[in-house]
Amino acid sequence: MKITIVGTGYVGLVTGTCFAESGNQVTCVDVDEEKVNKLRNGIITIYEPGLEKLFQRNLRDKRLHFTTSLADGIDDSEVVFLALPTPPGANGEADLSYVLQVAEQLGKLLKKYTVVVAKSTVPVGTCAKVKETIARQTSVEFDVVSNPEFLREGVAVEDFMKPDRVVIGTDSERARKIMYELYAPFVRQGNPILFMDIPSAELTKYAANAFLAMKISFMNEIAILCEKLGANVDMVRRGIGSDTRIGKRFLFPGIGYGGSCFPKDVQALVQSARGVGYDFKILQAVMEVNERQKTYLIPSILKYFNGDIRGKRFALWGLAFKPNTDDIREAPSLYMIRELLAHGATIRAFDPEAIQNVRKQLGDQIEYANDQYHCLENADGLIIATEWNEFRLPDFERMRALLRQKVIFDGRNLFELEKMQDEGFHYISIGRKP
Ligand code: UGA
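Take any residue in the sequence shown, note its place counting from 1, add 156, and you have its number in my numbering.
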């Protein structure tokens, strides 16, 4: 099939590459000329495990193409995916201007029946708006389909290749057949392609992310209670997770959720509810808990240093909002850095992938380490903000030798309490009494 992806961010590039891998002819369109040039020349613009290999192969075999021209991009295409940003607007509602601008241009360019697919996370009613916008510009037949994306950064290729489910909202039999054909190679193990009406598909995406965010905030509150009541959140997590109705996954407490999706989507759903006169109380609380959680370790750090960290030097492991990505959008690490600097501390940080992105944002407000041990030199303590695997089994002897004070503030519960005691560290984590 010949398909077009408009927008080459995380979702667009992964979607485009994976559809090329299943044998389609894919053209990716982006307004960013520099990005398009890089991609054309085989330089990948995001870090995503497993993507580079597929990207290079499909580029070489000429199934994957890049252009800045929407007209060239959609020429002869049967399906056009919109994978455009929907940033939070002034009042927290998703800003649809990119999506609608492209819809307008598309309307002027369509030459034959096309399925236009909304892949970006968009509020209920957006597909209808896209349809209206295109229809104003053309008399050519087309359908608009909602096909929300559930991939996680860091495992995006795997998630795309073997999705738990594919959700497709459509009111057209013709579009349904085309979408089925496109996705059939990815669900051969039997996972479902769920066809539904368009508003339900649009809402499914928000409901999924909001539910997952709720799980995290819930566990973060349980963790606080554990500390206060003398329980251990690891035990409670295992205890509840074994109930299949609750499930083991996504119950890890920490310093809050970040990234480009959960914070934005939870907020947008609350706004969307407000727009129809409904106060979504649980989600309001989910957001409040997450705000507090991002700097949850700061009072413990201050307490350890008797309320004064002026001139103290901290090592910070992890900057990305989660492991296996260089993405720092809404990363809890950045909120912690801001607080620590405001209290007069200095910071040397290390992250396996995200340093460049943080440097662009913070410049020389903090120092950047070459590796995780360089980070520790003469530090008054270590703070852990992201659970990269390489932090899980460090050389504790070397750490003791480098750190001025043997104290670790762990926002991701990487280590066992007993182990830390044996290793001689003062160890403060989340939901577990030191
Ligand atoms: C999330 C969803 O998981 C995807 O299904 C969805 O497609 C995507 O948003 C999106 O809307 O595009 P992602 O933002 O890549 O994916 O990251 P997750 O792996 O879900 O993690 C989100 C945040 O939750 C991270 O900050 C992570 O540290 C935190 N988290 C996750 C916890 O604090 N505890 C957990 O147990 C799990």
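Backbone N, C-alpha and C define an ideal beta-carbon position, used for all residues, glycine too.
Taking 6 Å as the cut-off, is the beta-carbon of residue i closer than that to any non-hydrogen atom of the ligand UGA?
i	result
Y336	no
G414	yes
L359	no
I372	yes
L307	yes
K478	yes
C382	no
F406	yes
N569	no
Exposed or buried, residue i, counting other C-beta atoms within 10 Å across all chains shown (16 or more means buried)?
i	result
R568	buried
V432	exposed
D327	exposed
G412	buried
S603	The chain is shown from 157 up to 590; residue 603 falls before or after that span and cannot be answered.
G168	buried
E177	buried
D566	buried
K268	exposed
A525	buried
E543	buried
A498	exposed
Does the distance from the CB of residue i to the CB of residue j come in under 7 Å?
i	j	result
F406	K371	yes
D551	A510	no
R114	D536	What the structure shows of the chain is the stretch from 157 to 590, and residue 114 is not part of that stretch, so it cannot be assessed.
P243	D232	no
V182	I202	no
Could you give the distance in angstroms between the alpha-carbon of residue i and the alpha-carbon of residue j?
i	j	result
P488	L472	12 Å
G580	R469	20 Å
A363	A357	10 Å
I324	M317	16 Å
A366	N347	23 Å
G467	D507	23 Å
V271	G229	14 Å
A505	I522	7 Å
Y460	K562	12 Å
F175	P205	17 Å
D299	A259	12 Å
G463	H582	17 Å
P355	C531	49 Å
G245	D353	26 Å
I586	D390	10 Å
What are the residues that DSSP puts in a beta bridge with residue i?
i	result
G537	F470
R504	A471, E523
T183	T160, H221
V235	I159, V271
V323	L350
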